[in-house]
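Chemist:
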Amino acid sequence: MNDTQLPIWEVFHQEKRGAPHVHVGAVHASDEEMALQMAKEQFARRLDCVNLWVVREDYVVKTNYEDPFFFARNTDKKYREVHSFPSPLKGKRRE
Amino acid sequence: MNVPEKSYEERLAGFEARIARGEKIEPGDWMPEEYRKQLIRMIGQHAHSEIVGMLPEGKWIPHAPGFRRKLTLIAKVQDEAGHGQLLYRAAETLGKSREEMLDELLEGKAKYSNVFNYPTPTWADVGIIGWLVDGAAVVNQRMIAKGSYGPYARAMKRICFEESFHIKQGQDLLIQMVYGTEEQKQMAQDALNRWWYPTLMMLGMPDTDSPHLEKLRRWGVKVKSNDELRQEFVDLVVPQLRSVGLNPPDDDLYLNEETGHWHFTQPDYTELKRVISGDGPCNKERMDARRKAHEEGRWVRQALAVAKSKRGVPAT
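Protein chains in written order, with this note's numbering: chain A, 2 to 96; chain B, 1183 to 1498.
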């Protein structure tokens, strides 16, 4: 019987309140309760942790590393960046 | 998706250029079939070694001298199980299932580290495994953490972090024995005598016997050769052992002032080949124990496999 190949859950770990949830790996588990238990044992046994997320791996939608166009910036989009507007207030003070 | 058509040569050149730039290869990237195979083999053997590695020390849990040592040893053995899981998952990202790898181990088709096929007759062996075997493992794993395959390198960082606890508890345990009675000191030295050469073998066949080394280096599967790792380990561990009066069983061990490296006697690599192929002092005992644990744990796995919520049902 196939009993060692349980579904895969991606694990996201939050170190402290205010910190982002960071992907740390994956566990095998039959349901979400077991997935959280496994994630706690595997990833929160020593490091500080206040919150864990587990997400079924087959629900994660991914971009393709091989697609060169998805993240390409063909046009100048500097107007989106903060650095396009260096110190707007400097020398502009009106009495 | 907009994935451009490329020839094999173009893809290979792109793959090698990425590695040369120090970038990691990730699941879903194109990779040569040989790279995939080598990594599955390496990571699988590494995972099996963690799982089988629980056995020589695990037998000491009921006999640990004192509650603190017992708790420490349980935590260490639990770490090894966790490392096995992390590694099976890393190998799965290359397309081989955990089930398949576990079956191969149970059927005796898979290889694992030579070093776990030696007996652990005394409590000092637990200390020497932490100090030497986990010490050598960290030398190897720090290298793998710099390797080219992202999931394997990431798993290694976490594993090395935990292994440093393993080394320290081993040193602490053994040093306590060295400063104990004459009999305890002798027990520690005796453990070192038995484990020294198997640990040197653990870092693999000599470079003269590694025909694919050049390619494995170019592909970032190996960042250092076996002989380089072995020298690094000896240089690290000999001064540590000597500082507490423990001496490796090697009459030809001396510091070469010119190179700054310790000269040492090479282990018997025919023994390594024999033990890796299944003919070591404890291979049968280890596999029997693994199969027994697998059978006796079946009811637990079957109970766990029954999903209690709808999210456990595979997505359609």
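Backbone N, C-alpha and C fix where the C-beta goes; we use that ideal spot for every residue, glycine too.
For B:D1316, which residues in the same chain have their Cβ closer than 7 Å to its Cβ, ignoring the five residues on either side in sequence?
Modeler: E1345, H1348, I1349 and G1352, listed in sequence order.
Chemist: Which stretch, first to last residue, makes up the beta strand (DSSP E) that contains A:W10?
Modeler: I9 to Q15
Chemist: Would you verify that the beta carbon of A:T5 is, or is not, closer than 9 Å to some beta carbon of chain B?
Modeler: It does; some Cβ of chain B falls within 9 Å.
Chemist: Between A:H22 and A:E11, how many whole angstroms is the CB-CB distance? I'm expecting something under 8 Å.
Modeler: Contact doesn't hold; Cβ gap of about 11 Å is too wide.
Chemist: Does B:R1280 come out as helix, strand or coil in the three-state DSSP assignment?
Modeler: In the structure shown, B:R1280 sits in a helix (DSSP, three-state: H, G or I).
Chemist: So, at 7 Å on beta carbons, what are the nonlocal neighbours of B:E1274 in its own chain, with the 5 sequence-adjacent residues on each side left out?
Modeler: R1280
Chemist: Per DSSP, B:Y1300 is paired with what?
Modeler: According to DSSP, which records beta bridges pairwise, B:Y1300 is partnered with nothing at all.
Chemist: Using three-state DSSP, classify B:H1443 as helix, strand or coil.
Modeler: coil
Chemist: Does the beta carbon of B:V1320 sit closer than 9 Å to a beta carbon anywhere in chain A?
Modeler: Chain A, which has no Cβ nearer than 9 Å to the Cβ of B:V1320, makes this no.
Chemist: Quick check on this structure: which residue in B:R1340, B:G1235 and B:P1209 has the alpha carbon closest to the alpha carbon of B:G1332?
Modeler: B:P1209
Chemist: Between the stretch 1304-1320 of chain B and the stretch 1411-1421 of chain B, can you find at least three pairs of beta-carbon atoms closer than 8 Å?
Modeler: yes
Chemist: Along the chain, where does the alpha helix (DSSP H) containing B:L1268 start, and where does it finish?
Modeler: F1249 to E1274
Chemist: Quick one, which residues of the stretch 1459-1486 of chain B are near chain A if we go by CB-CB under 9 Å, in chain order?
Modeler: H1476, R1480, R1483, Q1484 and L1486
Chemist: Given that B:K1490 touches chain C, what residues does it touch there, using C-beta distances under 7 Å?
Modeler: Within the model displayed, chain C is absent; protein chains A and B are what it includes.
Chemist: List the residues of chain B whose Cβ lies closer than 8 Å to the Cβ of A:H29, in chain order.
Modeler: Q1267, R1271 and R1280
Chemist: May I have the straight-line CA-CA distance separating B:K1206 from B:K1293, to the nearest angstrom?
Modeler: 27 Å
Chemist: Interface residues of chain A around B:E1208 at Cβ under 9 Å?
Modeler: Within 9 Å Cβ-Cβ: Y66.
Chemist: In this structure, does DSSP put A:Y66 in helix, strand or coil?
Modeler: coil
Chemist: Roughly how many whole angstroms lie between the Cα atoms of B:C1342 and B:L1221?
Modeler: 19 Å
Chemist: Determine the closest residue to B:L1284 out of B:V1488, B:L1382, B:Y1361 and B:E1232, with distance taken between C-alpha atoms.
Modeler: B:E1232
Chemist: Mind listing which residues of the stretch 1207-1228 of chain B have their C-beta closer than 8 Å to chain A's C-betas, in chain order?
Modeler: The residues in question are E1208, G1210, D1211 and W1212.
Chemist: Please report how far the alpha carbon of B:H1394 lies from the alpha carbon of B:E1216, in whole angstroms.
Modeler: Distance between the alpha carbons of B:H1394 and B:E1216: 11 Å.
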